[in-house]
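**Q** From first to last, the protein sequence lines are chains A and B. Per our numbering, residue 1 is the first one in the first sequence, and the count goes up by one each step. Per our numbering, residue 1 is the first one in the second sequence, and the count goes up by one each step. Glycine residues also receive a C-beta, built at the ideal position from the N, C-alpha and C atoms. This one's a predicted model, so the numbers in the text were calculated from it and none came from an experiment.
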Amino acid sequence: MRIEKLNLANFKNYPELMVDFNKGINIITGLNGAGKTNLLDAIYYLCFTKSYYQNSDSQNILHENNYFRVEGAFCKDTDPDAAQNTAISVAFMKGKKKQVDKNKVVYDKISDHIGFCPLVLIEPDDVQIIKGGSKERRKLMDTALSQVDREYLLAYMKYERTRSQRNALLKQFAERRTFDENLILGYDQQLISSGNLIYEKRKTILAALNPIFLDFYEILSGGKEKVEFHYNSVLNDLSFEECLLKNREKDRIMQRTTAGIHGDDWAFEIKDHPLKKLGSQGQQKSFLIALKLALHQYLKKERNTNPLLLLDDIFDKLDVERIEMLLKLVTGEDFGQVFITDTDGERLESLLVNRKTDYQHFKINSGKLL
Amino acid sequence: MEFPSKLISDSVEVFSKLPGIGKKTALRLVLHLLNQPIEDVRDFGQTIIRMRESIKYCKKCHNISDGEVCSICSNRSRQKQLVCVVETLRDVLAIENTQNYRGIYHVLGGVISPLEGVGPEKLQISSLFERIQSGEITELIMALSPTMEGDTTVFYINKKLQEEQLDVKVTMLARGVSFGGELQYVDEVTLSRALATRLPYE
Ligand SMILES: [Zn+2]
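(1) Do residue 35 of chain A and residue 13 of chain A have their beta-carbon atoms positioned less than 8 Å apart in this structure?
(2) Run down chain A in chain order and give the residues with a C-beta less than 7 Å from the C-beta of residue 156 of chain B.
(3) Could you name the residues of the stretch 327 to 354 of chain A whose beta carbon sits closer than 9 Å to any beta carbon of chain B, in the order they occur along the chain?
(4) Can the beta-carbon of residue 257 of chain A be found less than 8 Å from the beta-carbon of residue 196 of chain A?
(5) Within its chain, find whatever has a CB closer than 6 Å to the CB of residue 194 of chain B; leave out the 5 residues flanking it on each side and keep chain order.
(6) Straight-line CA distance for residue 79 of chain A to residue 239 of chain A?
(7) So residue 115 of chain A is in the beta strand (DSSP E); what residue range does that whole segment cover?
(8) Alpha carbons only, please: which of B/125, B/95 and B/80 is nearest the one belonging to residue 103 of chain B?
(9) Look at residue 134 of chain A and residue 159 of chain A and say whether their C-beta atoms are less than 8 Å apart.
(10) CB residue 132 of chain A to CB residue 364 of chain A, shorter than 8 Å?
(11) The stretch 158 to 181 of chain A: which residues have C-beta closer than 7 Å to a C-beta of chain B, in chain order?
(12) When the Cα of residue 104 of chain A is compared with those of A/225, A/150, A/129 and A/71, which residue comes out closest?
(13) What's the C-alpha gap between residue 2 of chain B and residue 8 of chain B?
(14) Can you find a C-beta in chain A that's less than 8 Å from the C-beta of residue 43 of chain B?
(15) Taking only three categories from DSSP, how would you classify residue 32 of chain B?
(16) With distances taken from CA atoms, which of B/68, B/49, B/119 and B/50 is nearest residue 58 of chain B?
(17) With C-beta atoms as the reference, is residue 72 of chain B less than 8 Å away from residue 63 of chain B?
(18) Please name the residue or residues paired with residue 270 of chain A in a DSSP beta bridge.
(19) Would the C-beta of residue 63 of chain B count as close to ligand 1, meaning under 7 Å from any of its heavy atoms?
(20) Please classify residue 42 of chain B: does DSSP put it in a helix, a strand, or coil?
(21) Contact criterion: CB-CB distance below 8 Å. Does residue 113 of chain B meet it with respect to chain A?
(22) What span of residues does the alpha helix (DSSP H) with residue 89 of chain A cover, start to end?
(23) Is residue 8 of chain B near ligand 1, going by C-beta to nearest heavy atom under 7 Å?
(24) By the three-class DSSP mapping on this structure, what secondary structure does residue 330 of chain A have?
(25) From residue 273 of chain A to residue 156 of chain A, what distance separates their C-alpha atoms?
(26) Would residue 11 of chain B and residue 30 of chain B be called neighbours here (beta carbons separated by less than 8 Å)?
(27) Say the cut is 7 Å; is the CB of residue 60 of chain B nearer than that to a heavy atom of ligand 1?
(28) Got a sec, what are the start and stop residues for the alpha helix (DSSP H) residue 53 of chain A sits in?
(29) Is residue 84 of chain B near ligand 1, going by C-beta to nearest heavy atom under 7 Å?
(30) Classify residue 207 of chain A: buried if its beta carbon has 16 or more other beta carbons within 10 angstroms, exposed otherwise.
(31) Please determine, among B/170, B/99 and B/152, the residue with the shortest C-alpha to C-alpha distance to residue 118 of chain B.
(32) By Cβ distance, which residues of its chain are closer than 6 Å to residue 96 of chain B, with the 5 residues on each side in sequence left out?
(33) Looking at the C-beta of residue 148 of chain B, does it have a partner C-beta in chain A at a distance below 8 Å?
(34) Just the chain B side, please: which residues come within less than 9 Å of residue 150 of chain A by C-beta, in chain order?
(35) Say whether the stretch 267 to 281 of chain A touches the stretch 79 to 97 of chain A, bearing in mind that this needs 3 or more beta-carbon pairs closer than 8 Å, one atom from each stretch.
(36) Which residues in chain B have a C-beta closer than 7 Å to the C-beta of residue 154 of chain A? List them in chain order.
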C-alpha cells in the first residue's frame with residue numbers, strides 16, 4: 001500500500017494541509033516543533049484510527065477549534081499510476097463520536113478498519129520497548145498481529161472484555177462476601193477459548209519473525225554477538241485452565257484476574273542476558289530497528305502488500321554507519337513507501353543522492369508546507 | 001437554544017431525553033403538538049400515562065402483558081413444554097414476527113454483566129428454575145445475543161441445571177451465514193463458526 005495524498009484540517013498544529021507524496025522515499029524536515037511528527041501521526045491515524053502518541057482524540061484538535069479531519073488517498077503498490085484510489089477519512093468533533101469512513105461509507109465498527117493499510121513506525125522513544133514494562137512489548141506485538149489477523153484482533157478484544165467483567169465480578173464478590181463458582185467458570189471458559197487462540201498466534205508470529213530479525217540484526221550491527229527474542233507465556237508451562245484454577249484463591253483476594261496471557265512478555269536477550277541490562281545503547285538501537293524492520297517484512301509477506309514505513313527522528317541518535325546501513329536497506333527493493341523526518345535535511349539528502357534514490361523533500365515550518 | 005416561553009423549553013427538554021431525539025427534533029415535535037387540538041394532546045398524554053401505570057408483566061414468562069398472564073402463555077394452542085429464553089420484549093416480538101414458533105417464552109430482562117451491576121439475581125433466572133422444577137418444560141431454546149455476555153449467561157444457566165440435576169434439553173439458535181447472503185461478504189468469525197457447526201446435507 002501507499003498513500004498518495006493527505007489532507008488535514010485542524011489536526012494538531014496544522015490548520016490545513018494538502019500534500020501529494022512520493023511513491024518511494026519522502027523526507028520531511030523542519031525545526032523541532034514544526035510539525036514533522038504530527039504529519040506522521042496523521043498517517044498513523046488513517047491506518048489505526050487513533051494517534052500513536054495521544055489517547056484522547058480531542059487532544060489532537062488544533063487550539064480554539066472544535067473538530068479535526070484527516071483524509072488520505074491510498075492505493076495498491078501494484079497500481080503505479082494510482083488509477084484506483086481508496087479514500088479514508090477520520091473525523092472527530094468535540095462531544096460527538098469519532099467517524100471513520102472508507103470511500104464515503106461510514107464504518108459501523110471502527111475496529112473493522114484496522115489492518116486496511118499495514119504500517120510500521122520507528123521513533124526515538126522506542127527504547128521504552130526495551131527499557132519499559134512488559135506492556136510496551138505486548139503492545140508492539142499485538143499491534144502487528146492485529147494488522148494481519150482479524151481473528152486475533154477479535155479474540156483480543158473479547159479477552160479484554162471478559163477480563164474486565166471477571167474483575168468486576170471478583171470485586172462484587174469481595175464487597176458482598178459471596179462467591180459463585182458457576183459464574184466465575186462462565187468467564188473462565190471464555191478467557192480460555194480466546195486466550196488459547198492468542199497464545200497460539202503469538203507463538204506463530206515468533207517463529208515467523210525470528211529468522212528475519214536475526215538477519216537484520218546482523219546487517220545493522222555487523223555484529224557477531226548472539227541475540228535472541230523469546231515469547232515468555234504463563235501458558236508455556238501449564239494449560240490456561242490449570243492456570244486459572246491455581247490462581248483462583250489469589251484472584252479472590254486480589255479482586256482481579258492475576259494470571260493469564262495478559263501478563264505475558266517478550267524477552268529480548270543479548271549473549272544470554274537481558275538486553276536492557278547488558279546491551280550497549282548502540283546494540284539496543286540495532287535490536288529494536290532490526291525487530292521493527294522484521295515486523296515490516298512479516299506484515300508484507302502476510303498481507304501481500306508493502307506496509308508504510310515511518311522513521312521519525314531516529315537519525316539523531318544513530319551513528320553514521322548505522323544510518324547508512326539503514327538507508328541502504330529501506331531504499332532497497334524489499335521496502336515500499338517510506339517517510340523519514342529529520343531536523344537536518346542536507347545530511348539526509350546527501351546520503352540519498354549517493355544512493356541514487358528517487359525521493360521527495362518536504363520542508364515544514366509551524367504547521368505549513370514551505 | 002433560548003425560548004421565549006419556559007413551557008416550551010421544559011417540553012423540549014422532556015422530549016430530548018427520549019432515545020434518538022435531539023434538541024431540534026424535540027422542538028419540531030413540541031411545535032407540532034402545539035398546533036393540535038387540545039383534546040388530541042390530552043388524549044396523547046393520557047395514553048402514555050395509562051400505558052406506564054397499568055402495564056403488567058406476565059407472572060409466568062415476564063413478557064409485557066395486559067393481564068396477570070400474557071396472551072402467549074394463555075394461548076391453548078401453544079406448546080407449553082417448549083420455552084424460548086430471551087433477553088427482552090424486543091426479542092419476543094422478533095421471534096413472533098417469524099410466525100413459525102409455537103412454543104412459549106421466558107424473558108430474562110437482560111444478560112449477566114457485572115460491569116453494569118447486573119448479576120443473576122437481577123434477572124429472571126430463579127423464576128426460570130421454578131418453572132423448570134414444576135416439571136412441565138422439556139426443552140429450553142437459548143436465544144440470547146451471540147456476545148461474550150450472552151454466552152456467559154447461557155453457560156451459567158446450563159451449569160446450574162447440571163448442578164441441580166434438572167432433566168431438560170438445552171438447545172441454542174444456530175449461528176451462521178445469513179439466508180440469501182453471499183459468502184464473500186460474511187465476516188471471518190461468522191464464517192469460521194458456521195464451518196465449525198456445519199450440518200449434514202438434507
Ligand atoms: Zn407469559
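**A** Considering the structure as presented:
(1) yes
(2) 182, 183 and 186
(3) none
(4) no
(5) 176 and 177
(6) 47 Å
(7) Unbroken run through residue 115 of chain A: none, as it is neither H nor E.
(8) B/80
(9) no
(10) no
(11) 158, 161, 162, 164, 165, 168, 169 and 172
(12) A/71
(13) 10 Å
(14) no
(15) helix
(16) B/68
(17) yes
(18) A/227 and A/273
(19) yes
(20) helix
(21) yes
(22) Not the alpha helix (DSSP H): residue 89 of chain A falls in the beta strand (DSSP E), residues 86 to 93.
(23) no
(24) helix
(25) 30 Å
(26) yes
(27) yes
(28) Taken as a continuous stretch (DSSP letters only), residue 53 of chain A belongs to no alpha helix (DSSP H), as it is neither H nor E.
(29) no
(30) exposed
(31) B/152
(32) none
(33) yes
(34) 187, 188 and 189
(35) no
(36) 189
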